[in-house]
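Novice: Numbered per mature numbering (1 follows the signal peptide of the UniProt record, and there is no 0), the sequence shown spans residues -29 to -1, 1 to 348.
For each residue, glycine too, the CB sits at the ideal point set by N, CA and C.
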Amino acid sequence: MYKRLLRPTALVITLGASVLLGATSPAWAQLRIGQPSGFTGSVAAGVKENTEGAKLYIDAVNARGGVNGQKIELISVDDKFDPTVTVEVARDLITNQKVLALFLNRGTPHSQALLPLLAEFKVPLVGPSTGAMALHEPVNPWVFNVRATYQREAAKAIEHLATTGITRIAVLQTDDSFGADSAAGALKGFEAVGQKPLLLEKFPRDKPDFTGLATQVAKSGAQAVMVIGSAGNTANAVKAIRAAGSRAQAVTLSNNASEGFIKLLGDHARGVIVTQVFPNERSVSYALIKEAQELAKAAGMEGVSPAMMEGYAAAKVLTEGLRRAGPNPTPVALRNALESIKDYDMGGLKLSYSPTNHTGLDFSDLSIIDADGKFRR
């Protein structure tokens, strides 16, 4: 596990250099960035690793003097993984903290809840930690995605299972917009291979009891089960399925690609397939990975996780936008600067935006958790 994971002890955590704004300073004199995300709750492990990855890059930028002579201040606020709280704390970040952008929040319903706020205050959201198709199509002028969609991940996972001869696949999905979106991708995968799900069942997002669903999976004779949910819920689902006697191959999506998720699985981690939206975190043939690994080593860490790489990549895109926005950026200037990015080489992966495309990267892959509790490709 990583030696320097964030352990927020208060509602607001300021990351990076913190320079107080003077009374006569312009509203956006400091490069203040707001991150409303689930530092507590069922996604906390992944959120902390996302943030640690972002901070790894931001700290390096600030150590070199910042962007256009100004340092980036990341203000992270716990939204308790509750969409209503997400909007409340994001509004405060925009109106009182005067952030230039919102950044790296977690959750599909949470991101969708932010959309009216972005339009009202004309503030961009950069690198939301969700692959919701609703944030890609239709293009939202204030949302800049960095990672691939959940639909692509889910379809690829189903197609992979089919190539191995697995035909009896169950799908368990959280009953929210994330679950519906990801399940739609899974159904595309089934259609591509001429199959249908053996089971397609929903479970509540808050405190679900998986006993009944696990029994259904076991009795169905499923060869594989895709669980679409948060890290905590997915881990509990896998444990319940095993307790019910099923040895079905467990599959989940990249929202659970964190070391924290592996810890939650405990003895049931080995063999779980997790889709990924960035290259292997040990593949130093990618300059992006090599750079992150070197910074992690210099910071006294053992390495980087997939969740850290998502935060790291998002921070690189944010920083490039700030650089292009000039020495006195506003939220609108940052939005325009991000939209000007064409073929930005992040280190083996290229990213472009335009008025008609805010998707960012389209990379997807599969990994499996090995006996040592590591993601293997």
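Would you give the residue range spanned by the beta strand (DSSP E) that E273 belongs to?
Specialist: Here E273 belongs to no beta strand (DSSP E), and DSSP marks it neither H nor E.
Novice: Hey, out of L289, T138, K178, P179, whose CA is closest to E162's CA?
Specialist: For the residues L289, T138, K178, P179, the minimum Cα distance to E162 belongs to T138.
Novice: In this structure, does DSSP put S47 in helix, strand or coil?
Specialist: If DSSP states are grouped into helix, strand and coil, S47 belongs with the strands.
Novice: To the nearest angstrom, report how far apart A193 and Q220 are at their CA atoms.
Specialist: When rounded, the distance between both Cα atoms is 9 angstroms.
Novice: Got a sec? Which residues, its chain only, sit under 8 angstroms from S148 by beta carbon, not counting five neighbours each side?
Specialist: Correct list, in chain order: T79, P80, Q83, A103, A105.
Novice: Using 10 angstroms around the beta-carbon of N328, count the other beta-carbons present and answer buried if the total reaches 16, otherwise exposed.
Specialist: Result: exposed.
Novice: Whole angstroms are fine: how far does the CA of K42 sit from the CA of V243?
Specialist: Going from the Cα of V243 to the Cα of K42 covers about 41 angstroms.
Novice: My understanding is that G292 touches A308, with C-beta atoms under 8 angstroms, so please give their C-beta distance in whole angstroms.
Specialist: Indeed they touch by this definition, with Cβ atoms about 5 angstroms apart.
Novice: Just mark A342 as buried or exposed, buried being the case when its beta carbon has 16 or more other beta carbons within 10 Å.
Specialist: Its Cβ having fewer than 16 others within 10 Å, A342 is exposed.
Novice: Between which two residues does the alpha helix (DSSP H) containing G156 stretch?
Specialist: Counting along the chain, the alpha helix (DSSP H) containing G156 begins and ends at 148 to 163.
Novice: Is the stretch 242 to 260 touching the stretch 269 to 286 in the sense that three or more CB pairs, one from each, lie closer than 8 angstroms?
Specialist: Touching, yes, given that three or more Cβ pairs across the two stretches are closer than 8 angstroms.
Novice: Whole angstroms are fine: how far does the CA of G165 sit from the CA of H131?
Specialist: Computed Cα separation, rounded: 13 angstroms.
Novice: In whole angstroms, give me the CA-to-CA distance for A285 and N227.
Specialist: Going from the Cα of A285 to the Cα of N227 covers about 17 angstroms.
Novice: Have a look at A263 and Q122 and give me their C-alpha separation to the nearest angstrom.
Specialist: Spanning the two alpha carbons is a distance of roughly 27 angstroms.
Novice: DSSP three-state call for Y315: helix, strand or coil?
Specialist: Three-state result, Y315: strand.
Novice: Measuring only the C-alpha atoms, how far is I65 from Q144?
Specialist: Looking at the two C-alpha atoms, the distance is approximately 33 angstroms.
Novice: In whole angstroms, what is the alpha-carbon distance linking R62 and P168?
Specialist: Roughly 41 angstroms separates the two Cα atoms.
Novice: Thinking A119 and L75 are a contact (beta carbons under 8 angstroms), I'd like their distance in whole angstroms, please.
Specialist: That belief does not hold up - the Cβ atoms of A119 and L75 are roughly 16 angstroms apart, past 8 angstroms.
Novice: Expressed to the nearest angstrom, what Euclidean distance is found between the alpha-carbon atoms of I260 and T134?
Specialist: For I260 and T134, the distance between alpha carbons rounds to 29 angstroms.
Novice: What does the alpha-carbon distance come out to for the pair D146 and G237?
Specialist: Distance between the alpha carbons of D146 and G237 is about 25 angstroms.
Novice: Tell me the DSSP bridge mates of L337?
Specialist: Note: L337 sits in a beta bridge opposite T246.
Novice: Does DSSP classify P87 as helix, strand or coil?
Specialist: DSSP places P87 in helix when its eight states are reduced to three.
Novice: Let me make sure I understand the geometry here. Which of A214, L158, M197 has the alpha-carbon closest to that of G183?
Specialist: Minimum Cα distance to G183 is reached at A214.
Novice: Specify, as a first and last residue, the run of the beta strand (DSSP E) that P95 falls within.
Specialist: No beta strand (DSSP E) holds P95; DSSP gives it neither H nor E.
Novice: When the distance is taken between beta carbons, is D49 closer than 9 angstroms to S8?
Specialist: The answer is yes: Cβ separation under 9 angstroms.
Novice: Using the rule of at least 16 other Cβ atoms within 10 Å of the residue's Cβ for burial, across every protein chain shown, is T55 buried or exposed?
Specialist: Classification for T55: exposed.
Novice: Enumerated in chain order, which unbroken segments of the beta strand (DSSP E) with a length of 3 residues or greater are wholly contained in the stretch 187 to 218?
Specialist: The qualifying runs are 195 to 199.
Novice: Throw me the rounded Cβ distance for the P298 and G36 pair, which I believe falls under 8 angstroms.
Specialist: About 13 angstroms; that fails the 8 angstroms criterion.
Novice: Apart from the five residues on each side of it in sequence, which residues of its chain come closer than 6 angstroms, Cβ to Cβ, to L171?
Specialist: Closer than 6 angstroms at the Cβ level, and outside the excluded window around L171, lie V142.
Novice: Would you list the residues sitting across from L2 in a DSSP beta bridge?
Specialist: In the DSSP output, where bridge partners are listed per residue, L2 has I43.
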